[in-house]
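Undergrad: Residue numbers (our numbering): 91 to 299.
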């Protein structure tokens, strides 16, 4: 057991990196909405509302990832790495199952999901374009979120910081390329934002692997 002084020292060492990680992770989705504001209000509203569906899924990620990391932290203190690996595998399997359900729903009934947040037919039409592409990243997000939360619990905080930072920069760069049609690429608007987010999530998974 850690005494109070050691615990506060340990907590203060982790607090700032974790805060930065959460901020960067949130900015990956916010970047889409901000940059689409230069395209049209409809596109910006559509991506923002479609991300509300993603936010619901993120809350589930958070619950699964937090529970997994708490269990792993306990076994990390005991030095039981084998059990940590088993818990991590169970957490990832659970995340994949949940995200698969959300992914199927986003592909099968995207318009119905958008109607939960708006009745505007133009916003719904744009949101469907965005949602169907971004949904391809849900399973990837489930895997990386659980893994990176576990890394935090075993004092590998810098791993998540690097992964989220690279993901954010990747998203911003590809947003600019695909939304506005830079370097000879066609201007894809809201589809471009979704593709950029998907590429950023794939980059996260590559770095995690």
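Even for Gly, the Cβ is constructed at its ideal location relative to N, Cα and C. All of these numbers come straight from a predicted model, not from anything done at the bench.
Need the endpoints of the alpha helix (DSSP H) that residue 278 sits in, please.
TA: By 1-based counting over the chain shown, the position of residue 278 is 188. Segment: none, residue 278 is in no alpha helix (DSSP H) and carries neither H nor E.
Undergrad: Report the rounded CA-to-CA distance for residue 298 versus residue 245, giving the unit in angstroms.
TA: By one-based count along the chain shown, residue 298 stands at place 208. By one-based count along the chain shown, residue 245 stands at place 155. One C-alpha to the other measures close to 16 Å.
Undergrad: For the structure I just gave you, are there three or more beta carbon pairs, one from the region 257-270 and one from the region 122-133, closer than 8 Å?
TA: In short, these stretches touch, since the Cβ pair count reaches three.
Undergrad: Can you list, in chain order, the residues of its chain whose CB lies under 6 Å from that of residue 163, leaving out five sequence neighbours each side?
TA: As a working note, residue 163 is residue 73 in the chain shown. Once the five neighbours on either side are set aside, the close Cβ partners of residue 163 are 243.
Undergrad: Would you report the Cα separation of residue 91 and residue 201, rounded to the nearest angstrom?
TA: In the chain shown, residue 91 corresponds to position 1, counting from 1. In the chain shown, residue 201 corresponds to position 111, counting from 1. Confidence at residue 91 is low in this model, with a pLDDT of 46, below 50, so its placement is unreliable and the value that follows should be read with caution. So the alpha carbons of these two residues sit roughly 52 Å apart.
Undergrad: Mind checking whether residue 253 and residue 294 have CB atoms under 8 Å apart?
TA: Taking the chain shown and counting its residues from 1, one reaches residue 253 at position 163. Taking the chain shown and counting its residues from 1, one reaches residue 294 at position 204. Yes, the Cβ-Cβ distance between residue 253 and residue 294 is below 8 Å.
Undergrad: Exposed or buried, which one is residue 274 when buried takes at least 16 other CB atoms within 10 Å?
TA: On the chain shown, position 184 is the one that residue 274 refers to. Label assigned to residue 274: exposed.
Undergrad: Just mark residue 369 as buried or exposed, buried being the case when its beta carbon has 16 or more other beta carbons within 10 Å.
TA: Within the shown structure, residues of the chain are numbered from 91 to 299, placing residue 369 beyond reach of any answer.
Undergrad: Excluding the five sequence neighbours on either side, which residues of its own chain have a C-beta within less than 8 Å of the C-beta of residue 186, listed in chain order?
TA: Sequence index remark: in the chain shown, residue 186 carries index 96 (1-based). The answer, listed in chain order, is 229, 232 and 233.
Undergrad: Which of the three DSSP states, helix, strand or coil, is assigned to residue 245?
TA: If you number the chain shown from 1, residue 245 lands on position 155. In the structure shown, residue 245 sits in coil (DSSP, three-state: anything other than H, G, I, E or B).
Undergrad: Tell me whether residue 130 sits in a helix, a strand or coil according to DSSP, three-state version.
TA: By 1-based counting over the chain shown, the position of residue 130 is 40. Of the three classes helix, strand and coil, the one that applies to residue 130 here is coil, per DSSP.
Undergrad: Assuming residue 220 and residue 137 form a contact by the criterion Cβ under 8 Å, report the distance between their Cβ atoms to the nearest whole angstrom.
TA: Mapped onto the chain shown, residue 220 falls at position 130. Mapped onto the chain shown, residue 137 falls at position 47. So it is a contact: roughly 5 Å between Cβ atoms.
Undergrad: Take residue 179 as the anchor and find which of 199, 129, 158 and 296 has the nearest alpha-carbon.
TA: Position 89 of the chain shown, counted from the first residue, corresponds to residue 179. Among 199, 129, 158 and 296, the Cα nearest to that of residue 179 is on 158.
Undergrad: From the DSSP output, in three-state form, read off residue 93 for me.
TA: Walking along the chain shown from the start, residue 93 turns up at place 3. In this prediction, residue 93 scores a pLDDT of 48, lower than 50, which makes its location untrustworthy; the coordinate-derived value is nonetheless stated afterwards. Three-state result, residue 93: coil.
Undergrad: Under three-state DSSP, which class holds residue 162?
TA: Position 72 of the chain shown, counting from 1, holds the residue named residue 162. Residue 162 falls in the helix class under three-state DSSP.
Undergrad: Would you call residue 209 buried or exposed, if buried means 16 or more other Cβ atoms sit within 10 Å of its Cβ?
TA: Start at 1 with the first residue of the chain shown, and residue 209 comes out as number 119. It is exposed - the Cβ of residue 209 has fewer than 16 other Cβ atoms within 10 Å.
Undergrad: Could you round the C-beta distance between residue 224 and residue 135 to whole angstroms and report it? I think they count as a contact, below 8 Å.
TA: Along the chain shown, one-based indexing puts residue 224 at 134. Along the chain shown, one-based indexing puts residue 135 at 45. Contact flag wrong, Cβ pair sits at about 15 Å.
Undergrad: Can you tell me which of the three DSSP states residue 235 falls into?
TA: Counting from one through the chain shown, the residue named residue 235 turns up at place 145. Here residue 235 sits in helix by DSSP.
Undergrad: Can you list, in chain order, the residues of its chain with a C-beta nearer than 6 Å to that of residue 281? Leave out the 5 residues immediately preceding and following it.
TA: In the chain shown, residue 281 corresponds to position 191, counting from 1. Only 219 meet the Cβ criterion.
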